[in-house]
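Residue numbers (the numbering used here): 422 to 709. Data block below; observations after.
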């Protein structure tokens, strides 16, 4: 059942299903569930009684207690209050917030949180760090086979959480190159499309960001095989990935990174300048 579904007592489900392949995430959720069960039993409450207190069915309470369901942060606050845990249950919210994101997103988010320099080329869509929630949702909803509402909400939350990179201080240096074609595709309808273009203009004006557009009429370039990503860290190390190199695997060897950096540098040189790119996006916005 999705996050907008209802349980036996007619209220929203308080969380997300646990990914059985996410061992570290499952361990965190299981620990939280055990703590809730211990506090409940210490108060002499049956699962059904406790469910009535917090507004959820017995089945949902048992799912959370056995680690089969990731509880929402606000659910933990309510449980803490009802059981008189003095903040001990609420204190687990941050761990739960991280676990609700898919494992791949958590790994990527950690890398992005460490990076001091980003080089990002996207060929078929607007890069995830630049997407508005509405645009991202429309892309996820277009997936086949269709995602469940539960999975969609988790992926959307994970993608939006990555945007915290723009709020870091000191800010990392972020370089984006986007193809023209995805900028012209009205994903989600005209209003969502306009909001997305406005978001690009907003981000493109940040001092820490270089945003460039690759015109469709440009000559062949090294990005035609797919996206390229290079993240550099403060200790001098780096990691990169490209759809068209090394079988799409992440690489960190200097020789392999130099190849990705050469390709990305060539792409930047062929794209419109940042000033020209913002003017181009403004033009597109005026045409909508």
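The C-beta atom is built at its ideal place from N, Cα and C for all residues, glycine as well.
Measure the C-alpha to C-alpha separation of residue i and residue j and round it to an integer number of angstroms.
i           : j           : result
residue 430 : residue 482 : The predicted model places residue 430 with a pLDDT of 31, which falls under 50 and marks its position as unreliable; any figure quoted below should be read in that light. So the two alpha carbons sit approximately 12 Å from each other.
residue 460 : residue 514 : 16 Å
residue 655 : residue 572 : 34 Å
residue 637 : residue 554 : 26 Å
residue 511 : residue 453 : 10 Å
residue 435 : residue 680 : In this prediction, residue 435 scores a pLDDT of 48, lower than 50, which makes its location untrustworthy; the coordinate-derived value is nonetheless stated afterwards. So the two alpha carbons sit approximately 47 Å from each other.
residue 464 : residue 501 : 12 Å
residue 496 : residue 645 : 46 Å
residue 614 : residue 665 : 29 Å
residue 575 : residue 486 : 20 Å
residue 550 : residue 466 : 45 Å
residue 624 : residue 520 : 28 Å
residue 509 : residue 627 : 40 Å
residue 451 : residue 639 : 53 Å
residue 458 : residue 578 : 27 Å
residue 477 : residue 529 : 34 Å
residue 710 : residue 605 : No answer is possible for residue 710: the residues shown for the chain start at 422 and end at 709.
residue 462 : residue 449 : 20 Å
Excluding sequence positions up to five away, which residues of its chain have a Cβ less than 6 Å from the Cβ of residue i?
i           : result
residue 541 : 548, 597, 650
residue 678 : 659, 661
residue 484 : 490
Can you tell me whether residue i is buried or exposed, with buried defined as 16 or more other CB within 10 angstroms of its CB?
i           : result
residue 534 : exposed
residue 398 : Outside the modelled stretch of the chain, which goes from 422 to 709, sits residue 398, for which no answer is possible.
residue 445 : exposed
residue 708 : exposed
residue 580 : buried
residue 676 : exposed
residue 506 : buried
residue 552 : buried
Closer than 8 Å by C-beta to residue i: which residues in its own chain qualify, once you throw out the five before and the five after it? Chain order, please.
i           : result
residue 622 : 699, 702, 703, 706
residue 503 : 471, 474, 475
residue 690 : none
residue 670 : 662
Taking the alpha carbon of residue i as the reference point, which residue from the options has its own alpha carbon closest?
i           : options            : result
residue 489 : 477, 519, 447      : 447
residue 473 : 456, 499, 459      : 499
residue 543 : 486, 684, 528      : 684
residue 653 : 516, 492, 531      : 531
residue 612 : 647, 585, 559      : 559
residue 584 : 604, 562, 557, 605 : 557
residue 537 : 673, 657, 466      : 657
residue 641 : 624, 664, 688      : 688
residue 563 : 520, 610, 605      : 610
residue 492 : 643, 455, 528, 672 : 455
residue 527 : 484, 486, 582, 551 : 582
residue 668 : 682, 647, 686      : 647
Can you name, in chain order, every residue of its own chain whose Cβ lies under 7 Å from the Cβ of residue i, other than the five neighbours on each side?
i           : result
residue 629 : 592, 593, 594, 595
residue 494 : 514, 517, 518
residue 546 : 560, 603
residue 382 : An answer regarding residue 382 cannot be provided, because it is not within the stretch 422 to 709 covered by the chain.
residue 673 : 658, 659, 660
residue 643 : 684, 687, 688
Practice prompt. Spell out a yes or no on whether the region 597 to 606 and the region 567 to 581 are touching, meaning 3 or more CB-CB pairs, one atom from each, closer than 8 Å.
Written response: no
Worksheet item: So, do the region 586 to 594 and the region 612 to 621 have three or more beta carbon pairs nearer to each other than 8 Å?
Response: no
Worksheet item: How do the region 691 to 698 and the region 633 to 649 stand: do at least 3 beta-carbon pairs fall below 8 Å, yes or no?
Response: yes
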